[in-house]
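Taking the working numbering, the leading residue of the sequence shown gets 231, the next gets one more, and so forth.
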Amino acid sequence: MSISANTKCGPPPVGMAVWLLDGGQLIDRIEWIIENGFEGVSFLQNAIDIDRHERRDAAAAISSAQLYVTYHGNVHHKLKESGGLDTDFTGRMMDDVIWWHEHTNGVSSCCSDPINLSKENGMTAFDFDLNKTHMDSMAGRLNKYGIRVGIENSFGGKNKFCTLKDMAHMKEMCSGYHIGMLLDAAHANIHVRNDGIEHEGNMAAYVGKLPLEVLEVHFSDNFGTQDEHKQLGYGNVNLHELFGALKSNGFAGKFTIEICVDILSGKYGSNIFDSRQTDKLLISRDKIRTAWSALK
């Protein structure tokens, strides 16, 4: 596994998913991130619609604070009726990635949720060819800026993008460039505890053998059955096993907190003016730092 360098030495920087903060304008949310000691920000594709004045103020604050920037650009919800990529949308999304890259200290990576399509038997499954087309397109636009591209792991047995075998096959399909991945720790927890794949039954074995370079890790917690996006310490995501495997592989990527207020009730972003909502973000940030530092 080849390694991309961090912009600074020491433990991995911990950032915040901007799309899971509410309240005020974008600059207020960026300032909350800075004031609370986070080291990076991650944008979702809905950043495309942010007002140009808001984005310029936010970009200036990000640059001044030297925050890392990653981008989570999902396109699966914008497919054509035929199931193909909406190239107008994907083009706008990549334009937005490049804008943030040019107006901050740079975007290190842009990763995408896996694209699943309904098959003839009615089952929804990962589509290798369509995902390759999307990865090819992103690599063609973004790699020349030094922006790495990757795909996020899922869960759901053999039909979704979660097994080591599928990842190895995707790496081979995209061999013309250095594809990476966004490792969602909560998804991995469900996979290793619930999918029943041989030799992938715990976090250490699974993460230790990932065939794709991990560019970024998303953090939330669950009990291995459903994707609850709870604060760390709520469920049974094993940070010790996760970090041990990452460190053994020479991980040099970014850590991003992706915790919701209550995703099962449709409540996503934490209000930055309500400490009852944001405290869990700070607790999770500290748990990540403490767990990493505890590694020998």
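Note that CB positions come from ideal geometry on N, CA and C, so glycine has one too.
Exposed unless 16 or more other CB atoms sit within 10 angstroms - verdict on Met353: As a working mapping, residue 353 is identified with position 123 in the sequence shown. Around the beta carbon of Met353, a 10 Å sphere encloses fewer than 16 other beta carbons of the protein chains shown; the residue is thus reported as exposed.
Spatially closest choice to Lys362 from Arg286, His399, Val337, Ile377, by CA coordinates: As a first step, residue 362 must be located in the sequence shown, where it is residue number 132. That would be His399, whose Cα lies nearest to the Cα of Lys362.
Straight-line gap, Asn335 to Tyr301 (C-alpha atoms, nearest Å): For this step, residue 335 is matched to residue 105 along the sequence shown. For this step, residue 301 is matched to residue 71 along the sequence shown. Approximately 13 Å, taken between the alpha carbons.
CB-CB length for Leu412 against Glu382, believed under 8 Å: If you number the sequence shown from 1, residue 412 lands on position 182. If you number the sequence shown from 1, residue 382 lands on position 152. Their Cβ separation, rounded to whole angstroms, is 4 Å, which keeps Leu412 and Glu382 in contact under 8 Å.
Three-state class that DSSP yields for Ala355 in the structure shown: Your numbering for residue 355 matches position 125 in the sequence shown. Strand.
Closest by C-alpha distance to Asp258, when choosing among Ala289, Leu372, Asp279: The residue you call residue 258 lines up with position 28 of the sequence shown. When only C-alpha atoms are compared, the closest one is Ala289.
Continuous beta strand (DSSP E) stretch holding Gly240: start and end: Within the sequence shown, numbered from 1, the residue matching residue 240 stands at position 10. Taken as a continuous stretch (DSSP letters only), Gly240 belongs to no beta strand (DSSP E), as it is neither H nor E.
Every unbroken beta strand (DSSP E) within the stretch 274-328, with a cutoff of 3 residues, ordered by chain: Every unbroken stretch of the beta strand (DSSP E) spanning 3 or more residues and falling wholly within the stretch 274-328 is given here in chain order: 298-302.
Opening and closing residue of the beta strand (DSSP E) in which Asn347 lies: Translated into positions along the sequence shown, residue 347 becomes position 117. Residue identity differs from the one stated: residue 347 is Leu in this sequence, not Asn. Its beta strand (DSSP E) spans residues 346-348.
Cβ-based burial, Glu311 [other Cβ within 10 Å; buried from 16]: For the purposes of this step, residue 311 is identified with residue 81 of the sequence shown, where counting begins at 1. Looking at its Cβ environment, which holds fewer than 16 other Cβ atoms inside 10 Å, Glu311 is exposed.
Beta-bridge pairing of Lys460 - partner residues as DSSP gives them: Within the sequence shown, the letter at position 230 stands for residue 460. The bridge partners DSSP lists for Lys460 are Asp451.
Integer-rounded CB distance, given that Gly483 should sit under 8 Å from Leu440: Within the sequence shown, numbered from 1, the residue matching residue 440 stands at position 210. Within the sequence shown, numbered from 1, the residue matching residue 483 stands at position 253. So it is not a contact: roughly 12 Å between Cβ atoms.
DSSP-derived helix/strand/coil call for Asp414: Taking the first residue of the sequence shown as 1, we reach residue 414 at position 184. Strand at Asp414.
Buried versus exposed, by CB contacts within 10 Å (16 or more), Lys510: What you label residue 510 is simply residue 280 of the sequence shown in a count that begins at 1. Burial call: buried.
Between the CA atoms of Asp343 and Ala355 - distance to the nearest angstrom: If you number the sequence shown from 1, residue 355 lands on position 125. If you number the sequence shown from 1, residue 343 lands on position 113. Cα to Cα, the separation comes out at about 13 Å.
Host beta strand (DSSP E) of Ile409 (start-end): Position 179 of the sequence shown, counted from the start, is the residue given in the question as residue 409. Careful: Ile409 lies outside any beta strand (DSSP E) and carries neither H nor E.
When Gly253, Met246, Ser272 are compared against Ile502, the one with the closest alpha-carbon: Here residue 502 refers to the residue found at position 272 of the sequence shown. The shortest CA-to-CA distance from Ile502 to any of Gly253, Met246, Ser272 is the one to Gly253.
Top-ranked residue by Cα proximity to Thr486, from Gln461, Gly465, Ala434, His333: As a working note, residue 486 is residue 256 in the sequence shown. It is Gln461 whose Cα lies nearest to the Cα of Thr486.
Simplified DSSP assignment, three categories, for Asn501: As a position in the sequence shown, residue 501 is number 271, starting the count at 1. DSSP, reduced to helix, strand and coil, places Asn501 within a strand of the structure shown.
Check whether Asn466 and Phe481 have beta carbons under 8 Å apart: For the purposes of this step, residue 466 is identified with residue 236 of the sequence shown, where counting begins at 1. For the purposes of this step, residue 481 is identified with residue 251 of the sequence shown, where counting begins at 1. Contact: no.
Whole-Å CB distance - Asn424 paired with Thr393, under 8 Å assumed: Translated into positions along the sequence shown, residue 424 becomes position 194. Translated into positions along the sequence shown, residue 393 becomes position 163. In this structure Asn424 is not in contact with Thr393, their Cβ atoms being roughly 13 Å apart against a cut-off of 8 Å.
Span of the alpha helix (DSSP H), counted from its first residue to its last, around Phe473: Here residue 473 refers to the residue found at position 243 of the sequence shown. Taken as a continuous stretch (DSSP letters only), the alpha helix (DSSP H) holding Phe473 covers 469-478.
Thr393 (DSSP reduced to helix, strand or coil): Looking up residue 393 in the sequence shown gives position 163. Here Thr393 sits in coil by DSSP.
Start-to-end residues for the alpha helix (DSSP H) that takes in Gly438: As a first step, residue 438 must be located in the sequence shown, where it is residue number 208. For Gly438, the enclosing alpha helix (DSSP H) stretches over residues 433-438.
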